[in-house]
Amino acid sequence: PTEKGDEVPIFDYNQYFPGTWNFEWRVPESPLGQGGTLTGTETFTGGEGNFFTSRVEVEGPTGPFTIDSVIVYQPENRSFARWDRDSRGFEMLHAGPIGGDLGGFYTIHYETAPFIYADQEVRLRYRTRLVSPVNYKIEARISVDGGPFLNFGSGWFQRDIPEATGR
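Mapping to our numbering: the sequence shown position 46 is 47, numbers consecutive.
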């Protein structure tokens, strides 16, 4: 049982993210591209200290693209930052806090700095829900040219677990 004064454990990045994750994400049309289903993989690798990297390989309605990321996690501040370089021709910085509960569920709240793509100012907000050791969900919202944040779909990510060889 938990007690009133129990501390939420600090999220352990190295225990959760490293490895390859498969995903599917249905997105609406936006300055970032046509609406439809995005599928692919994101592979997280370790780095030095609090720095990590990931590579996203995506197949979308307009063809394949990639995103290379540098991720900074500061456990003492319970914060994340992520710099993405998208092969479609833009870069974006995400930053935000991570919170959790005593049951081991964690949520990362990211927001991007405004960036210009297709002659429009874009901002994104993400809520990443780490729901189990093998699944997480990203809920996204998008603002275009200073407008309200609207639904930008949800992506489900599942860890790629190699099948047992039966030996």
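We treat Cβ as the ideally placed atom computed from N, Cα and C, and that holds for glycine.
Straight-line spacing of the CA atoms in residue 64 and residue 9 works out to 42 Å.
C-alpha of residue 116 to C-alpha of residue 87: approximately 12 Å in a straight line. Under the DSSP definition of a beta bridge, residue 88 lacks any partner. Following the DSSP letters along the chain, one finds residue 136 inside the beta strand (DSSP E) bounded by residues 136–145. Around the beta carbon of residue 4, fewer than 16 other beta carbons lie within 10 angstroms, which makes this residue exposed. C-alpha of residue 58 to C-alpha of residue 104: approximately 32 Å in a straight line. Boundaries of the beta strand (DSSP E) around residue 159: 151–160. A direct Cα-Cα distance of roughly 22 Å separates residue 55 from residue 153. Between residue 118 and residue 141, the gap from beta carbon to beta carbon reaches 8 Å or more.
For residue 144, the CB contacts under 6 Å within the same chain, skipping 5 residues up- and downstream, are 124 and 150 in chain order. It is roughly 34 Å from the alpha-carbon of residue 160 to the alpha-carbon of residue 121. Nearest in C-alpha terms to residue 17, of all of 82, 164, 106 and 148, is 106.
According to DSSP, residue 50 shares a beta bridge with no other residue. Where residue 16 is concerned, the enclosing alpha helix (DSSP H) starts and stops at 14–17.
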